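Quick note: the sequence shown uses numbering that gives the first Met the number 0, first residue 0, plus one each step.
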Amino acid sequence: MSFSVPQSMPDFSSTARSVEDYVWSKASGSGPSGTSAGRHRPAESDLPLYKDKPINRSFSQRSKRARSTWIITGVLLGVIMYMLYRIGSSAIDHPESSWFFRARGGEGNNWKDRQNQVKEAFLESWNGYEKYAFGKDIFRPVAKTSRNMAPEGMGWIIVDCLDTMMIMNLEEPLQRAREWVANNLTYDQDYEVNTFETTIRMLGGLLSAHYLSGFDDMYLEKAVDLAGRLLPAFDSPTGIPYASVNLHTGVGIPSHADSGASSTAEAASLQLEFKYVSKLTGEALYWEKAEKAIEVIDGRKAVDGLAPIFIMPETGEFRGNQIRLGSRGDSYYEYLLKQFLQTNKREIIYRQMYDESMAGLKSRLIQKSKPSGLTYVAELDHGIDGALSPKMDHLVCFLPGNLALGSTEGHPLFVAQRTSWTVSQASDMKLAKDLTRTCYEMYKVTKTGIAPEIVYFNTDDKITDDISIKWQDSHNLQRPETVESLFIMWRITKDPIYREWGWEIFDAFRRYAHVGDGTGYTCLESVNEIPPRPRDNMESFWLAETLKYLYLLFEDDDSILPLDEIVFNTEAHPLPRFNMEPLFKTGWKRSSNQPDAPVADAP
């Protein structure tokens, strides 16, 4: 049987709960070891059905027919049989493009087989890691070497993919991973960590594992300990979190680059995790610290909701005026929407901020390439009124899925359209579809069929290619953003093209990023070289995001992690939606009469 999310929620009613009060295993059927022994084991994989064969029909010659009629009929039937044969052969050779195969109802079984192939890729990646690097933070699958970041390890890969193993019903490797977390993982280390990365990967991973395991207390204990160690990052004069924090000394540390500025995306992409910790523990401090950062950013009154990508923790001023939805800007906009959804759409303030920023996006950043008219998101390197740059990071490809999610709030498109479907919702959905196509084309233009880190779009009538790639941007880091959007678009629209595109992308990874000795998959130095040179590293988000989203893309059961009941954090860790009342509320209000914020000069 397939994985299913817990059918009960923690009791959030007490204000004085401690960690050890969380014993919900009897409600969820979770075993004491945290391996979800009460959940059903997955059924044995169904054998894939063979493709439809040509239909052979017999017919008898009727002696009473005129000879000419018999000949004509025979010729016609021969032509029909030949056409059926050719169509059937095409279905065998090219099932993903065969209308015949889809019309015969074989698609569902085909996607189940493909989902199992994604699971096999995960298992191969995990088994290589477990054999050569178990417990280490960094794994190089080609050299078969590994190392830690912190002295005793952060659980960087293990914690990040716990929930993927739960979703894929991989109980044995999950049990070994849980034992390592329980017995070996400690965050009391004299080590400086990135506030954002540690929050979205480690804190998010532990919280999601707690939720999906049926509320296993061990994961919550680790999460609360880590959250407490990350909290001092918010102790700046303004409440904007410092880029780093020492886990042992509890000292927030400004960025060692960018004149000490924090990136806007990193400062504003901690809220889902810290608010959920507050909900689980009844402690408002985590909530208040996290939401303060959003209040400060909103107080800077970014024009059209498009915030510069750096902000100073000491003053709350934006540093420089560069605007983009790629690196250092992306998840700021993602978390505006997802905070609204996380608290069951009660915090309208975040929906307002999100809608303003998306309107600003449409009016200022959305452009069309030449000659084909691909829709892309430009950058503003010199401020809101500066010239547009046709550069687009692969990271921007989170946006189409986010737009679709904002358009329907996680409901299927046909359901949303039956209620109060607005012009704005329709516009967001149209843009989501257009941008998804563009992100797919970023894969199709390369020799390997794998997207690079950055592309540039053509704006010159004399040039015939819509997309160009600079050699320094041609590497691939196993990023998930496009397949994330494909998953969301499939769930919301049910258009099978998104599955077909996802399969093409997965197949390209299998062809060119696979380590030949079965150790797993690696990043690539250039997607335009065949054979590509490996950039010998397996990112934790390959397991935590890319393969998870592909697996869910090929899942037919929409009740598994339904988009109208959960939110994925920006590292693909699913968390439940919940009600704020009676303990929590939005602790700030937007001011309409604040002066325009000063901007610190970039050096």
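Heads up, the beta-carbon is just placed ideally off N, CA and C, and yes, glycines get one too. The structure presented is a predicted model; accordingly, all values stated were derived computationally and were not measured.
Item	Value
DSSP three-state assignment for SER207, whether helix, strand or coil	helix
Nearest to ILE462 (by Cα), restricted to the options PRO370, MET391, ALA377	PRO370
In DSSP terms, what GLY251 is bridged to	VAL244
Cβ-heavy atom distance, ASN147 to the ligand COA, below 7 Å	This structure simply doesn't include the ligand COA, nor any ligand for that matter.
Length of the line joining the Cα atoms of GLY409 and GLN338	13 Å
Same chain, Cβ closer than 6 Å to SER467, five either side skipped, listed in chain order	TYR455
C-alpha distance - GLU316 paired with ALA264, whole-angstrom precision	15 Å
Straight-line gap, PRO597 to GLU119 (C-alpha atoms, nearest Å)	The predicted position of PRO597 is uncertain, since its pLDDT is 44 and thus under 50; a value taken from the coordinates is nonetheless stated next. Cα-Cα distance, rounded: 53 Å.
Every unbroken alpha helix (DSSP H) inside the segment 515-579 [4 residues or more]	546-552
Cβ neighbour criterion (16 or more within 10 Å) applied to GLN270	buried
Bounding residues of the alpha helix (DSSP H) (the contiguous stretch that carries ILE348)	347-363
Coarse secondary structure for THR585, derived from DSSP in three states	coil
Complete runs of the beta strand (DSSP E) confined to the segment 377-444 [at least 3 residues]	390-392
C-beta contact flag for LEU387 and LEU379 at 8 Å	yes
Same chain, Cβ closer than 6 Å to ALA208, neighbours up to 5 away in sequence not counted	LEU161, ASP162, TYR218
Continuous beta strand (DSSP E) assignments of at least 3 residues falling wholly in the segment 102-182	137-139, 144-146
Residue span of the alpha helix (DSSP H) that contains GLU313, given as start and end	No alpha helix (DSSP H) contains GLU313, which DSSP labels as neither H nor E.
For PRO5, the three-state DSSP class (helix, strand or coil)	coil
In DSSP terms, what TYR375 is bridged to	GLN366
Contacts around ARG101, its chain only, beta-carbon distance under 6 Å, and the 5 residues preceding and following it disregarded	Below a pLDDT of 50, predicted positions are generally treated as unreliable, and ARG101, at 38, falls in that range; no measurement from the model is reported.
Span of the alpha helix (DSSP H) around PHE486	480-492
Whole-Å CB distance - ALA507 paired with GLY448, under 8 Å assumed	3 Å
8 Å Cβ cutoff met for TYR275 and LEU546	no
Cβ distance (whole Å) where GLY382 is taken to contact ASN320 below 8 Å	4 Å
8 Å Cβ cutoff met for ARG228 and TYR186	yes
Given 8 Å, three or more beta-carbon pairs between the segment 422-437 and the segment 478-491	yes
Length of the line joining the Cα atoms of GLY73 and ARG113	Any reading at GLY73 must be qualified, since the residue scores a pLDDT of 49, below 50, and its modelled position is unreliable; no value is offered.
Touching by the beta-carbon criterion (3+ pairs, under 8 Å), the segment 187-203 and the segment 166-174	no
Unbroken beta strand (DSSP E) run spanning GLU603, endpoints	The shown model of the chain, from 0 to 602, leaves out residue 603, and the question about it has no answer.
Whole-angstrom distance between ALA222 and ALA181, CA atom to CA atom	12 Å
Burial state of SER362 (16 or more Cβ within 10 Å)	exposed
Boundaries (first-last residue) of the beta strand (DSSP E) holding TYR285	Here TYR285 belongs to no beta strand (DSSP E); instead the alpha helix (DSSP H) covers 283-298.
Nonlocal neighbours in the same chain, by C-beta distance under 6 Å from ALA431, ignoring five residues either side	PRO399, LEU402, ALA403
Pairwise C-alpha distance: TRP286 and SER277	6 Å
Opening and closing residue of the beta strand (DSSP E) in which TYR455 lies	453-456
Through-space distance from LEU476 to LEU523, alpha-carbon basis	7 Å
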